Amino acid sequence: MKAPVLLVVLGAATLALAVWQWDMALSGFTAWLTLHPVAGALAYVTLLAASVVLMPFSSLPLLPLATSVFGVALTALLSAFGWWLGCLVAFLLARRGRPLLERFTSLQAIDRLEARVPPDIGFGAIVLLRMVLPVDLVSFALGLLKQLPFGRYALASFLGILPFSFVWSYAGGELGAGHFLSFAAALGAMAVCALVLRQTLLNRRNTD
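Going left to right, the sequence shown walks through residues 823 to 1030 as the numbering used here numbers them.
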C-alpha cells in the first residue's frame, strides 16, 4: 500500500508545483503586458498569427489573459488582426509551398476539406466558411484553389473572422473573471450560430 500512496502523493505534489509555476509565469507575463502594452499587443498578434500557421498550437488559452490586460474590445480587434495575418500567410504557404508545408504538418484534413470546397467559391461562401470552420484548415485549403483571387480571399476572410473574434474575446473575458455561466452562454450562442451558418452554406451548395 505504501508504494501507491507514495506515487499519489508525488503525483499531486508535481501537479501542484506545475500549477504554481504556471500561475507564476502567467502573473509575470501579465505584469509585463501591463508595463509594455504596445510590445505586448505586438507579441499577442504575433502569437495568434503563428497559431494559424502552426496548426497544433492553439491561441484560445491566451484570450482570458489578453482581455484582462487590453479589455474585450481591443482584444477582439487584436485577435481579428492576428488571425487574419495568420490566414494570409497560411494561404500563401499552401499556394506556393505545398511540398515544404508537407514536411511540417499532415495535410490529410486539409485535403478532405479541399475536396468539399468548390473551385469557384464565392465571396459570401468564404465569409461563411470563416465563421463555421477553424481558421487554419480553411486558410490552407483555400490556398490550394488556384482560381481563387487573393484579394477576394483576404477581404472575405477578414469579414468572416471579425464577428467570432468579438465573441471569443467576450467569452475569454468572462472565463477570466470567473463568470462561468455567461462564458457558457456565449459559447452556446456561438455554436448555434455556427450550426445555422453551416446549414445555410450546405443549402446554398445544394441549390447551386
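In this text, a Cβ means the ideal position worked out from N, Cα and C, and glycines have one as well.
Source: prediction; values computed, not measured.
Coil, strand or helix - residue i by DSSP
i	result
residue 969	coil
residue 946	helix
residue 901	helix
residue 999	coil
residue 982	helix
residue 882	coil
residue 859	helix
residue 864	helix
residue 1010	helix
residue 876	coil
residue 915	helix
residue 994	helix
residue 907	helix
residue 896	helix
residue 955	coil
residue 844	Residue confidence is low: residue 844 scores 42 on pLDDT, short of 50, so the model does not pin down where it sits. No coordinate-derived value is stated.
Residue i vs residue j beta-carbon contact at 8 Å
i	j	result
residue 894	residue 992	yes
residue 998	residue 889	yes
residue 863	residue 907	no
residue 979	residue 909	yes
residue 953	residue 973	no
residue 967	residue 948	no
residue 852	residue 887	yes
residue 1083	residue 882	Absent from the model: residue 1083. The displayed extent of the chain is 823 to 1030, so no value can be given.
Inter-residue CB distance, residue i and residue j (contact presumed, cutoff 8 Å)
i	j	result
residue 975	residue 964	6 Å
residue 961	residue 902	In fact, because the Cβ distance is near 14 Å, the residues do not count as touching under 8 Å.
residue 911	residue 860	Rounded, the Cβ-Cβ distance is 22 Å, inconsistent with contact.
residue 869	residue 994	Not a contact, Cβ separation roughly 14 Å.
residue 1019	residue 977	Residue 1019 to residue 977, Cβ: 18 Å. No contact.
Status (buried if at least 16 other CB within 10 Å, exposed otherwise) for residue i
i	result
residue 1000	exposed
residue 897	buried
residue 957	buried
residue 905	buried
residue 847	Because residue 847 carries a pLDDT of 47, less than 50, the predicted location of this residue cannot be relied on, and the following value inherits that uncertainty. With fewer than 16 Cβ atoms within 10 Å of its Cβ, residue 847 is classed as exposed.
residue 919	exposed
residue 1007	exposed
residue 916	buried
residue 990	buried
residue 955	buried
residue 945	exposed
residue 913	buried
Chain C contact for residue i (CB, 8 Å cutoff)
i	result
residue 1017	Of the protein chains in the structure, only one exists, and it is not chain C.
Contact test: residue i Cβ vs the ligand ATP heavy atom, cutoff 7 Å
i	result
residue 918	This structure simply doesn't include the ligand ATP, nor any ligand for that matter.
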